[in-house]
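Position one of the sequence shown corresponds to residue 1 (UniProt numbering), numbered consecutively onward.
C-beta: ideal position from N, C-alpha, C; glycine also.
Contents: one structure, followed by commentary.
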Amino acid sequence: MKAIVIKEFGGPEVIGVSEISVPQAAEGSVLVDVERSGLNFADLHQIAGTYLKKDSLPFTPGTEVFGKDPSGRRVLGIIPSGGHAQRAAVPVGSLIPVPDFVTGEEALALGVQGFTAWHLLRTCARTVRGQSIVVHAAAGGVGSLAVQLAKAWGASRVIASASTPDKRDLALSLGADSAVDSNAGDMTAALLEANRGRPVDVVLEMAGGRTLDQGLAALGTHGRMVVYGTASDEPSTPVRLESLIGASRSVVGFWAADLMRTNHRALTDALTGLFGMVKNKQLKPVIGGTHTLDDAAKAFGLLAERATTGKVVLDTTGN
C-alpha cells in the first residue's frame with residue numbers, strides 16, 4: 001500500500017510517498033480502508049521532530065482517518081500516527097461511526113480540530129452565555145469551528161484574528177462580530193477596541209510569543225486564556241503570578257492527545273454533539289482543499305505557510 005514515510009526530520013521537503021506493508025491490526029484494533037486523511041498543524045511538528053511526543057524514524061504521520069471498517073461502516077478513526085496511508089490500524093475504542101449526512105471531509109474537520117474547539121470552549125475555558133471570546137487563527141481548522149461554536153453557545157461578542165483580509169472576511173461570514181489583523185502591532189489595543197473598549201473574557205491562544213503576551217494583557221477580571229499551540233515559535237514572556245492574581249485571571253494549557261488518552265468519553269461526546277450541530281445546520285465545517293497522497297508535500301507546504309483555510313484533506317484512494 002502507499003503511505004507517507006518520514007525518513008528524516010525536517011520541513012515539508014522531507015515528505016515522501018512509499019510502498020509499505022499493510023499494518024497488522026493488534027487485538028482490540030481493526031484495519032480501516034482509508035479514503036481520506038486529515039492534515040493538522042501538529043503533523044508538521046511530528047515531521048519536524050518537535051512534537052510533544054517524538055516519533056522514531058522511519059514513521060508515517062497522521063492522526064485521523066476516514067474510511068470503512070471491516071463491516072463496511074463509514075468511520076472516523078483517531079490514532080497516534082500512521083494515518084496518511086491507504087490502510088490504518090485503529091483501536092476499536094477510537095472508531096466513531098459517521099452518519100450519512102456528514103461527508104468524509106467534514107468528518108475529518110470535526111475530528112481532532114472539532115474535538116479541540118469543543119473542549120477549548122467547554123472544558124478549559126468553561127464559557128457561559130454573554131461572554132466575549134477571542135479566537136486566533138480564526139480561518140483555520142480549529143478557529144473556524146471555534147468561531148461558530150462560540151456564537152452558537154451564546155457568546156456576546158466573538159472577536160476573530162487572522163492574517164489576511166480574505167481570512168478575516170471568512171471569519172465574519174462564520175459569525176464573528178469583529179475581525180482584527182493578527183499582525184497588528186499592538187494586539188492588546190486591537191482586542192480592546194474590537195470589544196468596544198472593554199477587556200475580554202476568554203482568549204483561545206495558539207501562537208505564543210507576542211500574541212500570547214498581548215492577549216493576556218487584554219483579559220479582564222476572571223478572564224481565561226487557553227493555550228493549545230505555539231505556532232509562531234516566538235518565545236513568550238514568563239507569566240508573572242501577580243498579573244494573574246491581581247485580576248483573578250487564569251492560563252490553562254490544552255493538548256488534545258492527552259484528553260483523548262485519559263478520557264475516551266470526551267471524544268465520543270464531542271463528536272456526537274458536533275455531528276448533531278451539523279445536522280441542525282448550526283455548524284458548517286470549512287473544507288480548505290483535498291489533495292492526492294502524491295501531492296502531500298505541497299499540501300503540507302501550504303499549511304506551513306499559513307496559506308490554507310479550514311480543513312485540508314488528503315485523498316488516499318489513488319493507485
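- When rounded, the separation of the alpha-carbon atoms in A152 and M277 is 9 Å.
- Take the alpha-carbon of T116 and the one of V142: they are about 7 Å apart.
- Distance from L267 to I78 at the Cβ level is roughly 7 Å; contact confirmed, criterion being Cβ atoms closer than 8 Å.
- Beta bridge pairing from DSSP links A162 with D181.
- Just so you know, the alpha carbons of R198 and V128 end up roughly 18 Å apart.
- Exposed is the label assigned to D100, since fewer than 16 other Cβ atoms lie within 10 Å of its Cβ.
- The straight-line gap separating the alpha-carbon atoms of A207 and R261 is approximately 24 Å.
- Cβ-Cβ distances below 7 Å link N195 to S132, R157 and I159 in the same chain, with the five nearest sequence neighbours on each side left out; the list follows chain order.
- R36 is the residue among E13, I20, N263 and R36 whose C-alpha sits nearest the C-alpha of L293.
- Under the three-state reduction of DSSP, D258 is assigned to helix.
- Here the alpha carbons of H84 and A139 stand approximately 24 Å from one another.
- Here I4 is bridged, per DSSP, to V17.
- Taking C-alpha positions only, L192 is separated from T308 by approximately 27 Å.
- In the assembly as shown, Q148 is a buried residue. Its beta-carbon has 16 or more other beta-carbons within 10 Å.
- Under the DSSP definition of a beta bridge, K68 partners with D33 and R74.
- Rounded to whole angstroms, the separation of the alpha carbons of K68 and L31 is 9 Å.
- Pairing L52 with E64 gives a Cβ-Cβ distance that is not under 8 Å.
- Just measuring C-alpha positions, the residue of A190, G229, F66 and P23 sitting nearest W255 is G229.
- Listed in chain order, the non-local C-beta contacts of V252 below 8 Å within the same chain comprise C124, A125, R224, M225, V226 and V227, local neighbours out to five positions each way being set aside.
- In this structure, A270 lies away from G154, with their beta-carbon atoms at least 8 Å apart.
- As for any beta strand (DSSP E) of minimum length 3 sitting wholly inside the stretch 94–145, the runs are 95–97 and 132–135, ordered along the chain.
- Where E205 is concerned, the enclosing beta strand (DSSP E) starts and stops at V200 to E205.
- Note that the C-beta distance between F41 and L303 is below 8 Å.
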